[in-house]
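Student: Just so you know, we're using our numbering here: the sequence shown kicks off at 1 and counts up by one. Just so you know, even glycine gets a beta-carbon here, dropped at the ideal spot from N, CA and C. It should be emphasised that the depicted structure is a prediction, and the values quoted were computed from it without experimental measurement.
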Amino acid sequence: MTIDEQQASVAVIGLGKIGLTLAAVFATNGYYIFGADKNKEVVASINQGKSHINNEPGLDQLVSGAVENNQMRATSDNVEAVAHSSIIVVIVPVLVDAANQIDYQMIDAVVEDIAKGIKKGSLVIFETTLPPGDTKNRFGKRIEERSGLRLGTDFYLAYSPERVYSNRIIEDLEKYPKVVGGINEKSLLLASTFYKQALNCQLIEVSSIETAEFSKVAECVYRDVNIALANELAQFADQTGVNISEVIVASNSQPYSHIHSPGIGVGGHCIPIYPYFFINKGLNQGLTPLAREVNDGMAAYAISQVKKEVGSLANRNVLILGLSYRENVKEPTKSTTLLLIDQLLNMNANVFVNDPLFSDREIHAFGVTPLSLQDKSISKIDIIILQAYHDDYKNLNFKDFTNCKLLFDGRNQLKQEDIKKHGITYQSIGQQSEKGEW
């Protein structure tokens, strides 16, 4: 089956950093794309050939080329996009609420729109990370009920999880095999054929939709548990006077050892969220929930280490470097910085945040004071906590932090010598404090 032998219009619902990249790649490989997003500013930008996503190498060119060649247009009307397409790819967020319960509001609304616009013979593929069973039992059946079309006969259903990493999405789409599961053989065949042509990537065809769903969540649980192990070992290294970074290099020289890097916490849309897709479905004992506790507890551990060194934090001026959950990505979701802010404010510290990816207004919205590293008032900072190691921080000169007593390196990335020579005590995860040298 080739593109010419099937209707070649694809609706991509959700034009965030992954959805837009998928849409642009699909268009580049010969499909006509109807991109759908409820954000009208996003839609307008795309229809002008402009990507609203920053720091994704190659994406600007793909979007401008797809729009210029009339291979892609965007709309804020999901029903319209679905009605014009024979393949519907869903990539909208499913997160958890403050109680770590799954929030289906956005994707449920999308599914209702799909049911209104879908036509007979269409293929629906979910790429959003989901708890096993949801693609078929929650969404497939709902489309069937609302549309009157029979699941697996009148329309087809597949699941293929996104497996990409911010700042290298196009590269990862080519490099990582695409896991694909279908509701039946026809669904799997249609989805596999589509991805072979749309992404030119290797495929791993699995026996069921549930297997494909499970595989994505399992990837995130694996990382969460292993990061928690590294963090636990790092805390023990602090107690025993051992340098955890040196330990990891030595241990991982054995090919069966893969100790991850410890850090001040785990953030983003994936690792701190998707384990709850298992936990809330019954995997509520053992390593999976324990890893969540360990990793979410690293912010409190970091603060406790700072307090051991400097005492009370009341009225201390504390600067956090990085609002983002990780380096070089503008994304505050589940960022450890948010946990640090809560704890520091509860201790009556004066909290300042610097992040070159965010405006002062965006930072101020989190209840803290934005601080430029060019501002003269950095001389009043007492404590620095590195949370996200952006490229902008790699050559940061600490000489103007004339009042700073302690720098806590939450990512074990900075050079101790560069800190200590300015009279600042260096502290990190799993490494002993090094006093500043006046």
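Three Cβ pairs or more, each shorter than 8 Å: is that satisfied between the segment 125-144 and the segment 212-230?
Tutor: The segment 125-144, when compared against the segment 212-230, does touch it at the 8 Å Cβ threshold.
Student: Let me know the secondary structure DSSP gives G181 once reduced to three states.
Tutor: Of the three classes helix, strand and coil, the one that applies to G181 here is strand, per DSSP.
Student: For the alpha helix (DSSP H) containing A302, list its first residue and its last residue.
Tutor: A302 -> alpha helix (DSSP H) spans M298 to V310.
Student: Reducing DSSP to helix, strand and coil, say where H198 ends up.
Tutor: It is worth fixing the name first, because residue 198 is Ala in this sequence and not His. Residue state, collapsed to three classes: helix.
Student: Quick check: A11 and A81, are their CB atoms within less than 8 Å of each other?
Tutor: Contact: yes.
Student: Pick from E219, Y156 and K175: whose alpha carbon is nearest that of K186?
Tutor: Here the closest residue by C-alpha is Y156.
Student: Tell me which residue opens and which closes the beta strand (DSSP E) that T128 is part of.
Tutor: Unbroken run through T128: none, as it is neither H nor E.
Student: For Y159, count neighbouring Cβ atoms within 10 angstroms of its own Cβ and tell me buried if that reaches 16, exposed if not.
Tutor: Classification of Y159: buried, given that the 10 Å Cβ count is 16 or more.
Student: Where does A230 sit, in a helix, a strand or coil, going by DSSP?
Tutor: Helix, per DSSP.
Student: List the endpoints of the continuous beta strand (DSSP E) containing D409.
Tutor: L406 to D409 is the span of the beta strand (DSSP E), which, as asked, contains D409.
Student: Taking the alpha carbon of D60 as the point to measure from, which residue in E41, Q413, K17 and N29 has its own alpha carbon closest?
Tutor: Considering only alpha carbons, the answer is K17.
Student: Just verifying my parser: in three-state terms, what is the DSSP assignment at Q254?
Tutor: Residue state, collapsed to three classes: coil.
Student: Closest to A198 by C-alpha separation, out of K178, S208, H260 and I429, would be which residue?
Tutor: Minimum Cα distance to A198 is reached at K178.
Student: I'd like to know if D37 contacts chain C, where contact means its C-beta is closer than 8 Å to some C-beta of that chain.
Tutor: Protein chains in the displayed structure number just one, and chain C is not present.
Student: Which same chain residues, not among the five before or five after V42, have their C-beta less than 6 Å away from its C-beta?
Tutor: L15 and H52.
Student: Could you work out which residue in G410, R411, N397 and N29 is closest to K420 when comparing CA atoms only?
Tutor: Nearest option by C-alpha distance: N397.
Student: Based on Cα-Cα distance, which residue from H84, T21 and K116 lies nearest to I91?
Tutor: The shortest C-alpha separation from I91 is found at T21.
Student: Quick one: is N69 buried, meaning 16 or more other Cβ sit within 10 Å of its Cβ, or exposed?
Tutor: With fewer than 16 Cβ atoms within 10 Å of its Cβ, N69 is classed as exposed.
Student: Would you give the residue range spanned by the beta strand (DSSP E) that G35 belongs to?
Tutor: Residues Y32 to A36.
Student: Who are the near neighbours of G181 in its chain, counting only those whose CB is closer than 6 Å to its CB and skipping five residues on each side?
Tutor: Only Y159, V206, S208, I209, T211 and A212 meet the Cβ criterion.
Student: Would you give the residue range spanned by the alpha helix (DSSP H) that N346 belongs to?
Tutor: Taken as a continuous stretch (DSSP letters only), the alpha helix (DSSP H) holding N346 covers T336 to N346.
Student: Measuring CA to CA, which of D296, S76 and K405 is closest to N39?
Tutor: With distances taken between Cα atoms, N39 lies closest to S76.
Student: For F34, I'd like the list of residues in its chain whose CB is within less than 6 Å of its CB, leaving aside the five on either flank, ordered along the chain.
Tutor: Within the same chain, F34 has close Cβ partners A11, A81, H84 and S85.
Student: Hey, could you find the ends of the beta strand (DSSP E) V10 is sitting in?
Tutor: V10 -> beta strand (DSSP E) spans S9 to I13.
Student: Check for me: the beta strand (DSSP E) holding Q427 runs from which residue to which?
Tutor: Unbroken beta strand (DSSP E) run through Q427: T425 to S428.
Student: Which word fits V249, buried or exposed, when buried means at least 16 other C-beta atoms lie within 10 angstroms of its C-beta?
Tutor: Exposed, because fewer than 16 other Cβ atoms sit within 10 Å of the Cβ of V249.
Student: Can you list, in chain order, the residues of its chain with a C-beta nearer than 7 Å to that of Q343? Leave out the 5 residues immediately preceding and following it.
Tutor: Cβ neighbours of Q343 beyond the five flanking positions: A299, A300 and I303.
Student: Would you mind working out which of H269, F358, V242 and I244 sits nearest Y165, comparing C-alpha positions?
Tutor: The option with the nearest alpha carbon to Y165 is H269.
Student: Mapping the DSSP letters down to three states, classify R439 as helix, strand or coil.
Tutor: Within the shown structure, residues of the chain are numbered from 1 to 438, placing residue 439 beyond reach of any answer.
Student: Can you give me the C-alpha to C-alpha distance between K380 and N395, rounded to a whole angstrom?
Tutor: If you take the alpha carbons of K380 and N395, they lie about 21 Å apart.
Student: Can you tell me whether DSSP reads W438 as helix, strand or coil?
Tutor: Model confidence at W438 stands at a pLDDT of 46, short of 50, so the residue's coordinates are unreliable; what they give is reported in the following sentence. Coil at W438, not helix or strand.
Student: Distance check for S245 and R361, CA to CA, integer angstroms please.
Tutor: The alpha-carbon atoms of R361 and S245 are separated by roughly 37 Å.
Student: Using the rule of at least 16 other Cβ atoms within 10 Å of the residue's Cβ for burial, across every protein chain shown, is E5 buried or exposed?
Tutor: With a pLDDT of 37 at E5, under the threshold of 50, the modelled position of this residue cannot be trusted; read the value that follows with caution. Its Cβ having fewer than 16 others within 10 Å, E5 is exposed.
Student: Quick check on the DSSP output: the beta strand (DSSP E) that includes Y159 runs from which residue to which?
Tutor: Run containing Y159: Y156 to Y159, per the beta strand (DSSP E) assignment.
Student: P262: buried (16+ other C-beta within 10 angstroms of its C-beta) or exposed?
Tutor: So P262 counts as buried.
Student: Based on DSSP bridge pairs, tell me the residues matched to T21.
Tutor: For T21, which the question treats as bridged, DSSP gives no partner whatsoever.
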